[in-house]
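Structure first, then comments.
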Amino acid sequence: MTDRTSARAGSRRPQRFLPLQILLGFLVIYFLVPFWWVIVNSSKDAPGLFGGGNTLWFSDQIDYLGNLRQLFTYDGGIYLRWILNSTLYALAGGIGATVLAVMAGYGFAKYRFAARRFSFAVVLGALMVPATALVIPTFIMFSRLGLTNTVWAVILPSLLNPFGVYLMHVYARDAVSDELLDAARVDGAGEVRTFLQIALPLMRPAVVTVLLLSAVASWNNYFLPLAMLSDNRLFPVTVGLGLWQGIASANNAGTTSLWSLIILGSLVSVIPLIIAFFSLQRHWRGGLSVGGVR
Amino acid sequence: MTLLTEKRTPRARNETRKIRGKVHLREHLMGWLFVGPFGVVFLAFLIAPLAYALYLSLFQKKLIGGTSFVLFDNYVKAFTDPSFLSGAWFVIRFSLVAIPLQIVIALTMALILDAVTNLFARFSRLMIFLPYAIPTVIGAVMWGFLYSKGFGPLTDIFGLFGASAPDFLSSNLIFYGLLNIVTWQWAGYYMIILYAALQGVDPTLYEAARMDGAGRWQIALRIKIPLIAPALILILVFSLIGTLQFFNEPQILRYLAAGTIGADFTPNMYAYQQAFSLANFNYGSAISFALGGVVFICVYAFLFFTRKRRSFL
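In C-alpha cells, the structure reads:
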C-alpha cells in the first residue's frame, strides 16, 4: 500500500473517510467491551472479582491456570462434559441438517416433480414459524415415545433447517447450470454421480454457509435442550452455564466462587465458535450473498 | 420456474411427448428422492408438532372430570389473560424499537465497510460480527455481569463523572438493558448479510452514477440501498420472527433481575412456565400456537405490503 499510485489515490481524498473510520472505531469498541470484560475478569479469583478493584483491568493476581483447573474439576468435571455434549449436538445436528438441506435445495432447484411448487411454498411458509413454538408439542411427543432426556431429543429436532433449504435452492438454481448437468447425463453419469461430482463442488460456498449456520444454531440452542433434558450430564454448555447462573444468584453469599467459574466458562465456551467462524470465513461469506441481491 | 413455450409441429410434439413420459417419471422420482429425506424431518418435527399443538390447545385438564374438549376456550383465556397480554404488549413495543434500531446500525456499518476497504475495515468487520458467534445465553450472561452493581464497570465509569450508575436490571431500565443486548448480539449478523449483498452489486453501476454526477451519499441512498432491498426485507423478517419469540435473554437475566422479570415477561416465557413449571400443557400449547399464529400473520402481512420487492422469496 505504499506504492505511488495508491499514495496518490489516497491524497486525492485524504480525510474523507476519517470520520467514518472513527465512527467504526467506536462501534468496534462497543462490540468488544463484553469480551474484554470477560477476558480480564476471568483472570481474577473471587476476592479479586468482588473486591471492588478496577473492573475493566487486571488485578495484581492473574490466575488463569488456577481458574481453569477449578473450572474443569468443579463438580466432577461436569463442565468438560457440557462442552463435549455441545460439540456432539452441534456436529450431529449441523451435519445432518446440512446434508438434508443440500439435497432438498438441489432437488427443488433442478428437478420438475409433482407438487414441487406447493412443497416449496410450504417450506417457505415454515421459515415464518417460530422454532420455539414447536418446543412444547415436540416435548410432549417425545415424552410419549420415551425420547425425552436423551441426546436424540436435542439432535433430531435440530435436523430441521428450512432456511438452509431456501439458501441451497437459490444457490443451486444460479450456480449449477442445467446445461452442465445435461452434459454429464449425456456422458452417462447417473443422477447421484452428477449430483456428487458436478453439482456439489459448485455449491460448496453455500454448503459451508449452511453447515456453519446450522452447527452454530445447534451449539447456541437453549430453549430446546432446557425443555428436553433433566439430567445435567446431558446438558449442552448453554444450559449448563444457565444452571450455574441460577444457583449462583439464588445463594449469592455461599457460592461466590461459582461466579468466577461462570465468567471463565463463558469465555472458554465461545472459543470453538470463534475459531470455526474465523477459519471458515473465506468460504461462508460467499454463500450469504445469495438472496441478498436480485 | 422457466416457462418453455416453443412452437413445434404436431409430429415433433408427439415425439417429444413419448420421450417426455419416460423422462418425466424419472424426474419426479429423482426429485422426490432428493427432497424426501428433508420432507420426512419436516413432517416429523414441524408439521406434526404444529398439528399436535393445535390439537392439545383445544383441550383443558380439569381437577374434576379429567381432560375435556373445550374448543377455543384456551385461546379466549389467553387473549383475556393479563399475563399473556402484558407479555405480548412488551414484545410488540420491543420490536418497534429494536428492529429499526438494529437495521439502521447494521445498514450504516455495512455501507461504511463497503466504502472503506483498508485493513482496519476488514478487522472491524470481523469484530462487529463476533457477537453473533456467541450463544445468546452467554451474551446475556456477559451483559448481566456488565450491568451488575457488584462487579460491573458501570459503577466505575459513572463514578468518574460523580454520577451513580443506572441499573439496567431495574424495572425502569430493563427495556433498554435488553435492547442493548439484542442490538449487540444481532446487528453484526445483519451487517454481514447486508455487506454480502452490497458486495454482490455490479460496480459498473456506481461508475455510471458517478458519470451522471452522483456523490457518495447519493450513490449510497439512491443506488446501494434500493438494490439491497431484498436483503433488508430478509433481515427484517428474521428480526421480527426472533423478537416476537423473545426467550433466552430475559430468561437468563431473570436470575439477576429478580422481581423485574417475572415468569410471564414474554409470551414464550409464559408458555414455558405454564408447560414446564405448572404442567399445564394444554394452555402452554395454546399460548405457543397463538404466538406462532401471530408471528405468521405479522410476517405474512409485512411481506404482502412489500410484495413488489419480495424477490428474495
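Those protein sequences? They're chains A and B, same order as listed. The first sequence lines up with residues 1 to 294 when you count with the UniProt record's numbering. The second sequence lines up with residues 1 to 313 when you count with the UniProt record's numbering. All residues carry an ideal CB built from backbone N, CA and C; glycine is no exception. Values in this document were obtained by computation on a predicted structure and should not be read as measured data.
Any beta carbon of chain A sitting closer than 7 angstroms to that of residue i?
i	result
residue 280(B)	no
residue 292(B)	yes
residue 297(B)	no
residue 91(B)	no
residue 162(B)	no
residue 259(B)	no
Would DSSP call residue i helix, strand or coil?
i	result
residue 117(B)	coil
residue 277(B)	helix
residue 68(B)	strand
residue 77(B)	helix
residue 58(A)	coil
residue 17(A)	coil
residue 161(B)	coil
Which residues in chain B have a C-beta closer than 9 angstroms to the C-beta of residue i? List them in chain order.
i	result
residue 232(A)	Correct list: empty, because the minimum Cβ distance to chain B is about 15 angstroms.
residue 227(A)	272, 275, 276
residue 204(A)	By Cβ distance, chain B contributes nothing, its closest Cβ being about 16 angstroms from residue 204(A), past 9 angstroms.
List the residues of chain B whose Cβ lies closer than 7 angstroms to the Cβ of residue i, in chain order.
i	result
residue 188(A)	The premise fails here: residue 188(A) is roughly 15 angstroms from chain B at the closest Cβ pair, so nothing lies under 7 angstroms.
residue 28(A)	124, 127, 128
Just to confirm my understanding: we take residue i, look at its own chain, exclude 5 residues before and 5 after, and list those with CB closer than 6 angstroms. What are they?
i	result
residue 291(B)	267
residue 18(A)	none
residue 227(B)	201
residue 184(B)	131
residue 277(A)	none
Hey, is residue i's beta-carbon within less than 7 angstroms of any beta-carbon in chain B?
i	result
residue 103(A)	yes
residue 168(A)	no
residue 98(A)	no
residue 74(A)	no
residue 93(A)	no
residue 164(A)	no
residue 200(A)	no
residue 179(A)	no
residue 277(A)	yes
residue 153(A)	no
Using the beta-carbon of each residue, which ones in chain A are nearer than 7 angstroms to residue i?
i	result
residue 27(B)	111, 112, 113
residue 247(B)	132, 223
residue 177(B)	In chain order: nothing, as chain A lies at least about 13 angstroms away.
residue 87(B)	What residue 87(B) touches in chain A: nothing, since even the nearest Cβ is about 13 angstroms away.
residue 141(B)	241, 245, 262, 266
residue 32(B)	113
What residues in its chain sit with their C-beta under 8 angstroms from that of residue i, if we drop five residues either side in the sequence?
i	result
residue 393(B)	Because residue 393(B) is not part of the residues shown, which for chain B are 1 to 313, the question remains open.
residue 147(B)	154, 167, 168, 169, 177, 256
residue 237(B)	299, 302, 303
residue 166(A)	105, 123, 124, 127, 291
residue 78(B)	84, 283, 286, 287, 290
Name the chain A residues whose beta carbon is nearer than 9 angstroms to that of residue i?
i	result
residue 136(B)	220, 222, 238
residue 116(B)	17, 20, 21, 24
residue 48(B)	137, 138, 141
Closer than 7 angstroms by C-beta to residue i: which residues in its own chain qualify, once you throw out the five before and the five after it? Chain order, please.
i	result
residue 163(A)	127
residue 223(A)	132, 135
residue 85(A)	234, 235, 236
residue 110(B)	191, 194, 195, 198
residue 68(B)	59, 60, 62
Could you list which residues in chain A have their beta carbon closer than 8 angstroms to that of residue i, in chain order?
i	result
residue 146(B)	33, 34, 37
residue 156(B)	54, 55, 56
residue 121(B)	21, 24
Cβ closer than 9 angstroms: which chain C residues qualify as neighbours of residue i?
i	result
residue 216(A)	Of the protein chains in the structure, A and B, none is chain C.
List, in order along the chain, the chain B residues whose C-beta lies closer than 8 angstroms to that of residue i?
i	result
residue 274(A)	130, 133
Jot down the residue ranges of each uninterrupted alpha helix (DSSP H) in the stretch 239-276 of chain B, minimum 4 residues, whole runs only, in chain order. Complete alpha helix (DSSP H) runs here, min 4: 248-256, 267-272.
Extract the residue ranges of the alpha helix (DSSP H) inside the stretch 166-247 of chain B, only unbroken runs of 4 or more that lie entirely within it. Counting only runs of 4+ residues, the alpha helix (DSSP H) found wholly inside the stretch 166-247 of chain B occupies 174-199, 204-211, 229-244, in chain order.
Which runs of the alpha helix (DSSP H), 4 residues or longer, sit entirely within the stretch 135-186 of chain A? Along the stretch 135-186 of chain A, the alpha helix (DSSP H) occurs as fully enclosed runs of 4 or more residues at 135-144, 151-155, 162-175, 178-186, listed in sequence order.
Any alpha helix (DSSP H) of 4 or more consecutive residues that is wholly inside the stretch 79-127 of chain A: Counting whole runs of 4 or more residues, the stretch 79-127 of chain A contains the alpha helix (DSSP H) stretches 116-126.
Inside the stretch 183-262 of chain A only - alpha helix (DSSP H) runs reaching at least 4 residues: Taking only runs of at least 4 residues, the alpha helix (DSSP H) segments lying wholly in the stretch 183-262 of chain A are 204-220, 223-228, 237-250.
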